[in-house]
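Numbering (our numbering), first residue to last: 73 to 420.
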């Protein structure tokens with residue numbers, strides 16, 4: 073199978089909005105790559121989803137609107153469909169996303185053939201707790217259900233649910249969702265959360281990962297609650313990215329995250345990246361399965377860390393491929409900005 077990758081070219085001194093992208097293909101499980109200089113897969117900058125059941129390739133992106141069209145919003149979201157592995161593309165189709173959508177995440181194909189998609193909206197007006205500072209960032213997560221049209225010309229998306237928490241439970245709301253469907257049909261979703269410090273008036277809330285469960289294919293969700301170990305103790309973590317997936321190799325559910333040995337405030341440390349199996353009976357982490365993926369060494373800067381990776385399950389080996397680079401590593405101290413491939417060998 074061929075793997076398509078679009079990466080930012082970070083070797084040039086450009087601001088984030090002007091960074092160029094590089095398109096590469098791999099035919100050997102991301103061990104070696106060849107670069108595409110031109111063609112239908114190099115433009116525009118987009119995310120991709122392949123529906124392996126019908127062979128249709130979807131790409132989706134957002135583009136700035138011309139000044140003359142910016143009456144109600146400054147950007148628009150689109151999807152395009154290809155039936156020939158990206159050689160040709162159908163017309164660009166607008167997506168009915170709110171202007172406040174900040175991010176869209178990986179699309180998940182459900183067991184019934186429908187598609188599940190998460191978006192995050194910034195809704196600071198919902199951060200109304202007077203005992204907390206007025207944050208300019210307060211996120212809610214929306215879930216969308218997609219159905220292929222009969223002629224496979226596109227996907228019709230329906231917004232079906234909104235997930236949120238009170239400010240006391242998450243200063244910045246819910247963000248960075250990652251979800252997988254268990255073999256029994258339940259959907260397990262994991263979220264980033266920002267805790268709050270205790271005060272004389274409030275107990276505060278620690279930095280954890282929150283999770284929610286849907287038993288009706290994403291239409292309704294349980295109230296988000298902290299991810300814990302099997303004994304009920306919180307899985308301490310920084311305010312950071314995380315992933316959840318159900319392995320096609322063994323049917324087990326895993327989480328990838330930065331686990332800490334005690335509560336911390338803020339986005340650091342991200343010094344060690346872990347993977348652990350989830351007990352699907354009560355959706356808790358099995359402490360004895362925690363394994364280190366990578367960790368900083370003594371000579372590394374404290375603020376350097378492992379986060380914001382991309383994942384892909386290898387179709388042949390059914391191992392998980394993870395792509396990641398060190399964050400916040402000062403180049404003058406010997407750090408590099410290379411993107412590394414990790415292969416996580418899972419048990420049968």
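Backbone N, C-alpha and C fix where the C-beta goes; we use that ideal spot for every residue, glycine too.
Annotated as proximal: residue 296 and residue 263, with beta-carbon spacing under 8 Å. Taking C-beta atoms as the reference points, residue 414 and residue 394 count as a pair closer than 8 Å. The continuous beta strand (DSSP E) containing residue 94 extends over residues 93-98. Considered as a whole, the stretch 157-227 harbours no complete run of any alpha helix (DSSP H) with no fewer than 4 residues. The three-state secondary structure of residue 273, taken from DSSP, is coil. With contacts defined by Cβ atoms closer than 8 Å, residue 75 and residue 102 form a contacting pair. Closest in alpha carbon position to residue 284, among 392, 129, 355, 168, is 355. In its chain, beyond the 5 residues on either side, 171 have a beta carbon closer than 6 Å to the beta carbon of residue 145.
In chain order, 133, 135 place their CB closer than 8 Å to the CB of residue 116, counting only its own chain and leaving out the 5 sequence neighbours on each side.
For residue 103, the secondary structure class from DSSP, reduced to helix, strand or coil, is coil. In the DSSP assignment, residue 320 falls outside any beta strand (DSSP E) and carries neither an H nor an E. Looking only at 309, 322, 327, the smallest Cα-Cα distance to residue 334 is reached by 309.
DSSP, reduced to helix, strand and coil, places residue 123 within a strand of the structure shown.
Going by C-alpha positions, residue 193 is about 26 Å away from residue 318.
Relative to residue 130, the option among 147, 157, 290, 111 whose CA is nearest is 157.
Excluding the 5 residues flanking it on each side, residue 281 has same chain C-beta neighbours closer than 8 Å at 262, 263, 264, 265, 298, 299, 307, 309, 314, 327, 329, in chain order. About 19 Å separates the beta carbon of residue 236 from that of residue 274, a gap too long to meet the 8 Å contact definition. Shown here for residue 148: same chain residues with a beta carbon closer than 7 Å to its own, the five before and five after excluded, namely 134, 135, 137, 166 in chain order. If you ignore the 5 residues before and after residue 113, its C-beta comes within less than 7 Å of the C-beta of 76, 95, 158, all in its own chain and listed in chain order. According to the DSSP assignment, residue 285 belongs to the beta strand (DSSP E) that extends over 281-286. Inter-residue distance for residue 372 and residue 396 is about 17 Å (C-alpha atoms, whole angstroms). In the DSSP assignment, residue 296 forms no beta bridge with any residue. DSSP places residue 268 within a strand segment (E or B) once states are collapsed to three.
One Cα belongs to residue 98, the other to residue 104, and the distance between them is close to 6 Å. Going by beta carbons, residue 361 and residue 254 fall outside the 8 Å limit.
Annotation: residue 155 to residue 341 spans about 44 Å, alpha carbon to alpha carbon. In the structure shown, residue 360 falls within a helical segment according to DSSP collapsed to helix, strand and coil. Of the other Cβ atoms in all chains shown, fewer than 16 fall within 10 Å of the Cβ of residue 84; this residue is therefore exposed. For the pair residue 164 and residue 176, the CB atoms are not nearer than the 8 Å cut-off.
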